[in-house]
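Peer 1:
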Amino acid sequence: MRVVVAEDLFLLREGLVRLLKARGFEIAAATDSAPGLLDALLEFRPDLAIVDIRLPPTHTDDGLRAALAARERIPGLPILLLSQYVEQIYAQELLADQAGGVGYLLKDRVFSDDQFVDVIRTVAAGGTVMDPEVVTKLLGRRSRGEHERLSRLTERERQVLELMAEGRSNSAIANRLFISEKAVSKHSTSIFTKLDLTPSDDDNRRVLAVLAHLMSVPREGRTRPRESP
Amino acid sequence: MWPFPAGVTPWPAGVLAALTAVCAALAFRAELARDRPARTARPAGRIGWPVVAGLVGTAAYGSVPALLAALHNSAVPPGYVVTMPDLEPGGLLPAALLTAGLLATALLTSAPAPRRWVLPVVAAVTGELLEATYWLTHSAAVSGRTPLNVLVGGVSVPVIAALAGAALLWPATGRPARLAGADAPRSARWALLLPAVVVMTGDLFGLDLWQSPPPGIGIGPSVAGHLVGLVLLAAVVAGLARWPRAAADLAALGLVGIGAYDVAQSGFGQYVVVHKIGSPQGSAPSLPKGLAHHASVLGGIQGAVVLALGLWLLTLTVLPDARRLLGREPDPALTRRVRELTETRADAVSSAAAELRRIERDLHDGAQGRLVAIGMNLRVAEEMIHSSPHEAAALVVEARVASSAALEELRGLIRGMHPPMLADRGLGEAVRALALDLPLPCETEIDLPERLAAPLESACYFAVAEVVTNAVRHASAHGLQIRMAQAGGLLRIEVVDDGVGGADPAQGTGLAGVERRLAAFDGILAVSSPSGGPTIVVMEVPCG
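Sequence order for the protein chains is A and B. So our numbering is basically just the index in the first sequence, starting at one, shifted up by 2. So our numbering is basically just the index in the second sequence, starting at one, shifted up by 41.
1) Could you give the DSSP three-state label for B:P106: helix, strand or coil?
2) Go ahead and label B:L382 buried or exposed: buried means 16 or more other beta carbons lie within 10 angstroms of its beta carbon, across all protein chains shown.
3) Does the beta carbon of B:S445 come closer than 8 Å to any beta carbon on chain C?
4) A:K196 CB to nearest chain B CB: under 8 Å?
5) Drop a sphere of 10 angstroms on the beta-carbon of A:Q90, count the other beta-carbons inside from all chains shown, and report buried for 16 or more, exposed for fewer.
6) Given this structure, state the Cα-to-Cα distance separating B:G206 from B:L296, to the nearest angstrom.
7) Taking the CB atoms as reference points, tell me whether B:R452 and A:Q86 lie closer together than 8 Å.
8) Rank B:D372, B:L479, B:E581 and B:V505 by C-alpha distance to the C-alpha of B:G469 and give the top, closest one.
9) Cutting at 7 Å between CB atoms, please list the residues of its own chain near B:T485, excluding the five before and the five after it.
10) Residues in the same chain with beta-carbon distance under 8 Å from A:N172, minus the five sequence neighbours each way, listed in chain order, please.
11) Where do the N-terminal and C-terminal ends of the alpha helix (DSSP H) with B:M425 fall, by residue?
12) Return yes when at least one heavy atom of the ligand ADP lies under 7 Å from the C-beta of B:L468, else no.
13) The stretch 450-462 of chain B: which residues have C-beta closer than 9 Å to a C-beta of chain A, in chain order?
14) When we look at the beta-carbon of B:V390 and count the other beta-carbons within 10 Å, is it buried (16 or more) or exposed?
15) Nearest to A:R208 by alpha carbon, out of A:A176, A:R170 and A:D41?
16) Assign B:C584 to one of three DSSP states: helix, strand, or coil.
17) State the CB to CB distance for the pair A:A101 and A:P77, rounded to an integer number of angstroms; the pair is presumed to be in contact (CB under 8 Å).
18) Against A:Q117, what residues of chain B qualify as contacts under a CB-to-CB distance less than 7 Å, listed in chain order?
19) Taking the DSSP output, what are the residues bridged to B:A567?
20) Could you name each continuous beta strand (DSSP E) segment of 3 residues or more that falls completely within the stretch 529-559 of chain B, going from the start of the chain to the end?
21) Pull out every residue of the stretch 464-477 of chain B whose Cβ sits closer than 8 Å to any Cβ of chain A, in chain order.
22) Applying a beta-carbon distance threshold of less than 9 Å, which residues of chain B neighbour A:Y87?
23) Assuming contact is defined by CB atoms lying nearer than 8 Å, are A:L163 and A:I193 in contact in what I supplied?
24) For A:L57 versus A:L82, is the C-beta spacing smaller than 8 Å?
25) Quick check on DSSP: helix, strand or coil for B:A561?
26) Could you check the C-alpha separation between A:L141 and A:L216 for me, to the nearest Å?
27) In this structure, how does DSSP classify A:V88 when only helix, strand and coil are distinguished?
28) Along the chain, where does the alpha helix (DSSP H) that runs through B:D488 open and close?
29) Can the beta-carbon of A:G105 be found closer than 8 Å to that of A:G128?
30) By how many angstroms is the C-alpha of B:I534 removed from the C-alpha of B:A553?
31) Report the option in A:R15, A:G26, A:A42 and A:L44 whose CA atom is closest to the CA atom of A:D54.
32) Could you check if B:V509 is buried or exposed, using at least 16 other CB atoms within 10 Å of its CB as the buried criterion?
33) Taking 8 Å as the CB-CB cut-off, is B:L419 touching chain A?
34) Closest to A:F12 by C-alpha separation, out of A:I181, A:S35, A:K196 and A:L152, would be which residue?
35) When the Cα atoms are used, what is the spatial distance from B:R227 to B:A464?
36) Going by other Cβ atoms of all chains shown within 10 Å of its Cβ, with 16 needed for buried, is A:N177 buried or exposed?
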């Protein structure tokens, strides 16, 4: 699998490259800036881009912007964002096209490389992975109506929902919670019914549905879109 | 030619008109200047009973010859007119106004602003009533007084009363106080003199708005004059509310003008004059010698008193500004600004230092400590790696967990120093992200066309964060609204919650801290938080 890595910190970039190579990934390019990332993505069309949100030249969200720009040119280009912090707004922007093949993780998650490699494979295969912190924030917020709906879930269903939103497959959830895969699919059917969502067997469709639901909840918290200056 | 009484000596009138115009222009210019200095507190304290008593006496004394002259008018044959600047019956009105204004100034210094307006308004109405009563009782005897004049005089009473009502309601909204700043009440007190000055000035230039026309001219001009008078009064009321300081300046200048004119006229011995108008019938009326002399002396005295009062007010109103304009005196506005800046700079420096100490402590107790522990663990693991690899592996895992915790702490610390979203996308998005992370529903309405200066963004962000945190922690709110908009060089932020209310910037350090934080940028904070809610916090900061 060919991967492009964009990370401005030399040590971290080299560490990532070493880790990926050790796991049998091919590094198509490793770059340290947003323009470099865009060029590399358009030139090599890799199977996955691992991108630090904050990159030169402005050291703000250049990485995210470059990745989204590339994704516009190459629809469905799998992108895994890494960052020192997670923001719901960035998650929303990443998920906006509903096409899957995206991931958003804290950089610390790289520490557990087995999991990290799982995530890479999921995203590259068109799946969606969200950092547990994003999911916690999504579940912890919101309108009274939504809060009520979520409170209808049992504790176990809530755990399943969390893991589902992080992008895990049924079998991964089953392993994690020490229950059978059948029990997981039973819980997930129940969750979908309680949240008024259309159930789906496709893991990725399911994750996207759950995330879209959590994010698009008609909350009292919408920002009026700013008129372009 | 009517309405200008022919008896007015032209040159003093011209000089005074020019003086008044120049001073009025200066006064309004000074009033419109930004950040106009506050006047000293002296005048309000000094005006007292002696002045009031003197003026009441003068007004009363001056009214006697006025009545005498008016009575004498009945013997004036058609074609002649007797004039006397400002001691005509109309003189009663300014005298009443002046007295009432001064009484209000002296007696009601502690009354809230709207109430202080009652007296001059009552005085205006009283003056009108006096006027109307005078016409009613003398209309038959005085030549040229027609029932229509009386009607006009009578109608004006309810009109003035209505104006008075409007004047009473308007200040209650607090607008005048806000427009004139903290010193508004003091200025407004001086402004109370203005109605008297306007009417007296009108008299001075023959525009006695209640004067009847000479025979043969008809009542049209009189009615017109009356309407002009009402417009002038309305303008006065508006002027009082909007430009109390300019009004005070004008009051002083007007008093000087009228006083000087009175003195001049009396000096020329022309205080009471008989004029021919049109084709006179019969012989000119002979004025009682005593009346002319008496009126001249009294007019002179009254003029001198008014002049003295005007000059005294001049030193309190116009002259300080003039001295400042000439650079003879340090500008109090600049002095105050320097003091403000010194204070807010000290605040800013000390809060920055406190912040650095907090960060140092957090780093020392948190991440730094963990890194030491990680280093030690790794060192031990390094030694044990061959002898007991399992234990070494456990230590390495421990080190990794500790590094995650250290990162977590650093993230929290960085968020507290400068939230990444603020750095990435600016104030609007950072506040939106803040709202998204709240455990309550929070509506945001943000309209910021461009990014602001970084220090300002940061100050505003933390101000909002503090206010929002307060609402979440203490208000038991169910929902929040944050509105941000930039208009006219001012960033306005509103945070509204539907909680229990009772937030007080004077208690607790939270809101006071926000106020200090914003003060460094000349921003202000206003809180409305009645018990039972809702709480509305408004912050305004100049930007751009």
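The C-beta atom is built at its ideal place from N, Cα and C for all residues, glycine as well. Values in this document were obtained by computation on a predicted structure and should not be read as measured data.
Peer 2: Per the coordinate set shown:
1) Here the question's residue 106 of chain B lines up with position 65 in the second sequence. At B:P106 the pLDDT is 47, less than 50, meaning the model places this residue with poor confidence; the figure from the coordinates comes in the next sentence. Helix at B:P106.
2) The sequence position of residue 382 of chain B within the second sequence is 341, counting from 1. It counts as exposed.
3) In the displayed structure, chain C is absent; the protein chains listed are A and B.
4) The sequence position of residue 196 of chain A within the first sequence is 194, counting from 1. No, its Cβ sits nowhere closer than 8 Å to a Cβ of chain B.
5) For the purposes of this step, residue 90 of chain A is taken as residue 88 along the first sequence, with counting starting at 1. Classification of A:Q90: buried, given that the 10 Å Cβ count is 16 or more.
6) On the second sequence, position 165 is the one that residue 206 of chain B refers to. On the second sequence, position 255 is the one that residue 296 of chain B refers to. Only weak support exists for where B:G206 lies, its pLDDT of 45 falling under 50; the value from the coordinates is given anyway. Near 27 Å, if we compare the C-alpha coordinates of B:L296 and B:G206.
7) Within the second sequence, residue 452 of chain B is the residue found at index 411, counting from 1. Within the first sequence, residue 86 of chain A is the residue found at index 84, counting from 1. A contact, by the Cβ cut-off of 8 Å.
8) Mapped onto the second sequence, residue 469 of chain B falls at position 428. When only C-alpha atoms are compared, the closest one is B:V505.
9) If you number the second sequence from 1, residue 485 of chain B lands on position 444. If we look at B:T485 and ignore the five residues flanking it on each side, its Cβ neighbours are V472, R473, A476 and I523.
10) The residue labelled residue 172 of chain A in the question sits at position 170 within the first sequence. Excluding sequence neighbours, A:N172 sits near E183, V186, S187, S190 and D205.
11) Locating residue 425 of chain B in the second sequence gives position 384, counting from the first residue. Its alpha helix (DSSP H) spans residues G410 to S428.
12) Of the ligands one can find in the structure shown there are none, so the ligand ADP has no counterpart to examine.
13) L451, R452, I455, R456, P460, P461 and M462
14) Counting from 1 along the second sequence, the entry for residue 390 of chain B is found at position 349. By the neighbour-count rule (16 or more Cβ atoms within 10 Å), B:V390 is not buried but exposed.
15) Here residue 208 of chain A corresponds to residue number 206 of the first sequence, with the count starting at 1. Closest by alpha carbon: A:R170.
16) Residue mapping note: residue 584 of chain B aligns to position 543 of the second sequence, counting from 1. It is coil, neither helix nor strand.
17) Residue numbering aside, residue 101 of chain A sits at position 99 when the first sequence is read from its first letter. Residue numbering aside, residue 77 of chain A sits at position 75 when the first sequence is read from its first letter. Contact flag correct, Cβ pair sits at about 7 Å.
18) Residue mapping note: residue 117 of chain A aligns to position 115 of the first sequence, counting from 1. Listed along the chain, the chain B residues whose CB falls inside 7 Å of the CB of A:Q117 amount to none; the nearest CB is some 13 Å away.
19) For the purposes of this step, residue 567 of chain B is taken as the residue at position 526 of the second sequence. BP columns for B:A567 point to B:V579.
20) Taken in chain order, the complete beta strand (DSSP E) segments of 3 or more residues contained in the stretch 529-559 of chain B are 531-538.
21) A464, D465, R466, G469, E470, R473, A474, A476 and L477
22) Working through the first sequence from its first residue, we reach residue 87 of chain A at position 85. Those are R452, I455, R456, P460, P461 and M462, listed as they occur along chain B.
23) Numbered from its first residue, the first sequence carries residue 163 of chain A at position 161. Numbered from its first residue, the first sequence carries residue 193 of chain A at position 191. In contact: A:L163 and A:I193 (Cβ atoms closer than 8 Å).
24) Within the first sequence, the letter at position 55 stands for residue 57 of chain A. Within the first sequence, the letter at position 80 stands for residue 82 of chain A. Going by C-beta atoms, A:L57 is not nearer than 8 Å to A:L82.
25) Looking up residue 561 of chain B in the second sequence gives position 520. Correct three-state label for B:A561: coil.
26) Residue numbering aside, residue 141 of chain A sits at position 139 when the first sequence is read from its first letter. Residue numbering aside, residue 216 of chain A sits at position 214 when the first sequence is read from its first letter. Taking the straight line from one Cα to the other gives about 7 Å.
27) Here residue 88 of chain A refers to the residue found at position 86 when the first sequence is read from its first residue. Reduced to three states, the DSSP call for A:V88 is coil.
28) Residue 488 of chain B sits at position 447 when you count from the first residue of the second sequence. That residue, B:D488, is in no alpha helix (DSSP H); its beta strand (DSSP E) goes C483 to D488.
29) Sequence index remark: in the first sequence, residue 105 of chain A carries index 103 (1-based). Sequence index remark: in the first sequence, residue 128 of chain A carries index 126 (1-based). Their beta carbons are not under 8 Å apart, which means A:G105 does not touch A:G128 by this criterion.
30) Translated into positions along the second sequence, residue 553 of chain B becomes position 512. Translated into positions along the second sequence, residue 534 of chain B becomes position 493. Near 16 Å, if we compare the C-alpha coordinates of B:I534 and B:A553.
31) If you number the first sequence from 1, residue 54 of chain A lands on position 52. If we check each option's Cα against that of A:D54, A:R15 comes out closest.
32) Taking the first residue of the second sequence as position 1, residue 509 of chain B is located at position 468. By the neighbour-count rule (16 or more Cβ atoms within 10 Å), B:V509 is buried.
33) On the second sequence, residue 419 of chain B is found 378 positions in, with the first residue counted as 1. So no, B:L419 is outside the interface.
34) Here residue 12 of chain A refers to the residue found at position 10 when the first sequence is read from its first residue. Of A:I181, A:S35, A:K196 and A:L152, the residue nearest in Cα terms is A:S35.
35) Mapped onto the second sequence, residue 227 of chain B falls at position 186. Mapped onto the second sequence, residue 464 of chain B falls at position 423. Here B:R227 scores only 45 on pLDDT, less than 50, and its place in the model is too uncertain to base an answer on.
36) Locating residue 177 of chain A in the first sequence gives position 175, where the first residue counts as 1. Residue burial is scored here from C-beta neighbours: A:N177 has fewer than 16 other C-beta atoms within 10 angstroms and is therefore classed as exposed.
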